[in-house]
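Trainee: Quick one: the structure is below, and I'll ask about it shortly.
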Amino acid sequence: MGFLSRTKDKEKEEDAIEPAPCPHTALVQRWDLPEDMGNKEKATYVCDACGGRFNYEQAREFMERPSLPIS
508 MGFLSRTKDK
518 EKEEDAIEPA
528 PCPHTALVQR
538 WDLPEDMGNK
548 EKATYVCDAC
558 GGRFNYEQAR
568 EFMERPSLPI
578 S
């Protein structure tokens, strides 16, 4: 059963890798009503990378956080 034992070992290795948390750097504003457009406080902020949804206060924290420096 050498083949089966090798596939089980590969599955264990793949499970050990955890994805990095999303930095939420690609936020897009969405409004429920057309008359609310332009009002930052009434917008819902959606992360293009992970699909997370945030209110203005949460999104402001992500936008104010400095991005990682390029090496």
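Taking my numbering, the leading residue of the sequence shown gets 508, the next gets one more, and so forth.
Cβ atoms here follow ideal geometry from the backbone N, Cα and C, with glycine treated the same way.
Which of the three DSSP states is assigned to Arg-567 in this structure?
Mentor: Start at 1 with the first residue of the sequence shown, and residue 567 comes out as number 60. The answer is helix: DSSP assigns Arg-567 an H, G or I state.
Trainee: Assuming the contact rule is C-beta atoms closer than 8 Å, Gln-536 and Ala-556 should be a hit. Round their C-beta distance to whole Å, please.
Mentor: Mapped onto the sequence shown, residue 536 falls at position 29. Mapped onto the sequence shown, residue 556 falls at position 49. That pair is no contact at about 16 Å.
Trainee: On a CA-only basis, which of Ile-524, Gly-545, Ala-527, His-531 is nearest Arg-560? Give me that one, please.
Mentor: Mapped onto the sequence shown, residue 560 falls at position 53. Looking at the Cα atoms, His-531 is the closest of the given residues.
Trainee: Any idea if Ala-533 is buried or exposed, counting beta-carbon neighbours within 10 angstroms, 16 or more meaning buried?
Mentor: Here residue 533 is taken as the residue at index 26 of the sequence shown, counted from 1. When all chains shown are included, Ala-533 counts as exposed.
Trainee: Closest by CA to Cys-529, which one among Asp-543, Cys-554, Glu-548?
Mentor: Stepping through the sequence shown from its first residue, residue 529 is reached at position 22. Of the candidates Asp-543, Cys-554, Glu-548, the one whose C-alpha sits nearest the C-alpha of Cys-529 is Cys-554.
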